[in-house]
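Enquirer:
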Amino acid sequence: MSSGNISIKLSQVTLQDNQNTYLAFATLFGENGISGSETRCNATLLVAARFLTPSVTVNETNMNVTCSTQGGYPKPTVTWTIHDVLWAQKRTLDPHEVQTNFTLDPESGLYTVWSQVNSTENQTVTCHIFNPVLKETVSNTAVVGLSQSIHTDPTGDVQEGLSAGLIGVIISILITFIFGVIYFVFKYCHGARGGATGASRVATGASGVATGASGVATGASRVATGASGVATGASRVATGASRVATGASRVATGGDEELSILMGSTTSQPQDNGSVDQVDGATVTNANGAAANRAEGVTEPVDDTAGGSWSTPGE
Numbered sequence: 625m626s627s628g629n630i631s632i633k634l635s636q637v638t639l640q641d642n643q644n645t646y647l648a649f650a651t652l653f654g655e656n657g658i659s660g661s662e663t664r665c666n667a668t669l670l671v672a673a674r675f676l677t678p679s680v681t682v683n684e685t686n687m688n689v690t691c692s693t694q695g696g697y698p699k700p701t702v703t704w705t706i707h708d709v710l711w712a713q714k715r716t717l718d719p720h721e722v723q724t725n726f727t728l729d730p731e732s733g734l735y736t737v738w739s740q741v742n743s744t745e746n747q748t749v750t751c752h753i754f755n756p757v758l759k760e761t762v763s764n765t766a767v768v769g770l771s772q773s774i775h776t777d778p779t780g781d782v783q784e785g786l787s788a789g790l791i792g793v794i795i796s797i798l799i800t801f802i803f804g805v806i807y808f809v810f811k812y813c814h815g816a817r818g819g820a821t822g823a824s825r826v827a828t829g830a831s832g833v834a835t836g837a838s839g840v841a842t843g844a845s846r847v848a849t850g851a852s853g854v855a856t857g858a859s860r861v862a863t864g865a866s867r868v869a870t871g872a873s874r875v876a877t878g879g880d881e882e883l884s885i886l887m888g889s890t891t892s893q894p895q896d897n898g899s900v901d902q903v904d905g906a907t908v909t910n911a912n913g914a915a916a917n918r919a920e921g922v923t924e925p926v927d928d929t930a931g932g933s934w935s936t937p938g939e
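Numbering of the sequence shown is given in the numbering used here, commencing with residue 625 and proceeding in unit increments.
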């Protein structure tokens, strides 16, 4: 052959054939049919057997989970993952948290696997069995606290839905959470409305206090104005009384002056054609306009042709 693949087919392979090395030779011919080269291929046989889907059981008394499988080869790798339903956390357990035993059947040469971990309630626990030769993983999951397991196919995909118990737990948690949120929102909104109402009432009270203070100030202003008016009126009354007293005083003074004038030494006598008012040392005028100076004890003739009159002291 000039090119191609060479395969070796083995039948009736047993565990005793594991790790055997097989050698294949191939001779390449040229175009003229003459042998050109020879190729030798080495191949090591790896024998493997699939493990069955593991069985996962829960012991609620001791709160542990056990995983077991058999019929596989070679020795597998066992890992555990735990998913906390309440906290939605998933993690892979460390080797020191897992107890695992491998048993090799002397007759078949196949392995039996037993593994166990501790757990708590409300957890989903998954056991993984990995075959290093086949690069294949088979898994199974159980819910702690419930009896039904959740089976997976060799690739680890979940084949069945969640159990009714798990669904009930999840629904209960969701309902509780929803009611808690509703209660919180109601209390928050109610408190906000109450605070707004209280603030409004406080503002109204403050406005009333301000109005009352304004009324008191207005009343005080009016009282002050009234007092000022009363004082002004009293002042005016006092002024009027003072003026009345002044007028009365002036009237009294005028009476005294008039009385003083009336009580003077002037004498008046009516005459037919004139009058003469004479005082000591006074000038006497008759009706004709004649004037005479008369000293005390001096008598001067007066023309009486015009029918005038005169008077002398003592007459």
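Don't be surprised by glycine CBs; every beta carbon is placed ideally from N, CA and C.
Here the structure is a predicted model, which means the values were calculated and not measured.
#1: Could you tell me the boundaries of the beta strand (DSSP E) in which H720 lies?
#2: Measuring alpha carbon to alpha carbon, tell me which residue in V757, Q740, E745, L758 is nearest C751.
#3: Comparing alpha-carbon positions, which option in E721, T748, T668 lies nearest A712?
#4: Which same chain residues end up closer than 6 Å to Q640 when comparing Cβ atoms and leaving out the 5 residues on each side of it in sequence?
#5: Run the CB neighbour count on G696, radius 10 Å, all protein chains shown included, and call it buried at 16 or more, exposed below.
#6: Taking 8 Å as the cut-off, does the stretch 679 to 687 touch the stretch 698 to 706 (at least 3 CB pairs, one atom from each stretch)?
#7: Out of E662, D718, G792, T638, which has the shortest C-alpha to C-alpha gap to V710?
#8: Helix, strand or coil, according to DSSP, for S739 in the structure here?
#9: Under the rule that 16 or more other beta-carbon atoms within 10 Å means buried, what is I806, buried or exposed?
#10: Quick one: Cα of Q694 to Cα of N666, how far?
#11: Decide if the stretch 677 to 684 is in contact with the stretch 720 to 732; the criterion is three or more beta carbon pairs, one per stretch, under 8 Å apart.
#12: Which stretch, first to last residue, makes up the beta strand (DSSP E) that contains F754?
#13: Using DSSP with H/G/I as helix, E/B as strand and the rest coil, what is S631?
#14: When DSSP labels each residue in this structure, what does S732 get in the three-state scheme?
#15: For Q640, which three-state DSSP category applies?
#16: According to DSSP, simplified to helix, strand and coil, what is L758?
#17: Determine the closest residue to S692 out of S763, V809, K811, with distance taken between C-alpha atoms.
Expert: On the basis of the data shown:
#1: As a working mapping, residue 720 is identified with position 96 in the sequence shown. Counting along the chain, H720 falls outside any beta strand (DSSP E), and DSSP gives it neither H nor E.
#2: Along the sequence shown, one-based indexing puts residue 751 at 127. The shortest C-alpha separation from C751 is found at Q740.
#3: Counting from 1 along the sequence shown, the entry for residue 712 is found at position 88. The candidate whose alpha carbon is nearest that of A712 is T748.
#4: For the purposes of this step, residue 640 is taken as residue 16 along the sequence shown, with counting starting at 1. Excluding positions up to five away in sequence, the list is empty.
#5: Taking the first residue of the sequence shown as position 1, residue 696 is located at position 72. Classification for G696: buried.
#6: Cβ pair count under 8 Å is below three, so no.
#7: Walking along the sequence shown from the start, residue 710 turns up at place 86. Val is not the amino acid found at residue 710; the sequence shown has Leu there. Minimum Cα distance to L710 is reached at G792.
#8: Locating residue 739 in the sequence shown gives position 115, where the first residue counts as 1. Residue state, collapsed to three classes: strand.
#9: On the sequence shown, residue 806 is found 182 positions in, with the first residue counted as 1. Counting Cβ neighbours within 10 Å, I806 comes out exposed, since fewer than 16 surround it.
#10: By one-based count along the sequence shown, residue 694 stands at place 70. By one-based count along the sequence shown, residue 666 stands at place 42. Spanning the two alpha carbons is a distance of roughly 32 Å.
#11: Inter-segment contact for the stretch 677 to 684 and the stretch 720 to 732 is absent: fewer than three beta-carbon pairs are separated by less than 8 Å.
#12: As a position in the sequence shown, residue 754 is number 130, starting the count at 1. Unbroken beta strand (DSSP E) run through F754: 747 to 755.
#13: Here residue 631 corresponds to residue number 7 of the sequence shown, with the count starting at 1. Reduced to three states, the DSSP call for S631 is coil.
#14: Mapped onto the sequence shown, residue 732 falls at position 108. Three-state result, S732: coil.
#15: Residue 640 sits at position 16 when you count from the first residue of the sequence shown. Note: Q640 maps to helix in three-state DSSP.
#16: Along the sequence shown, one-based indexing puts residue 758 at 134. Looking at L758 - three-state DSSP - the assignment turns out to be coil, as it is neither helix nor strand.
#17: Translated into positions along the sequence shown, residue 692 becomes position 68. Per the Cα distances, S763.
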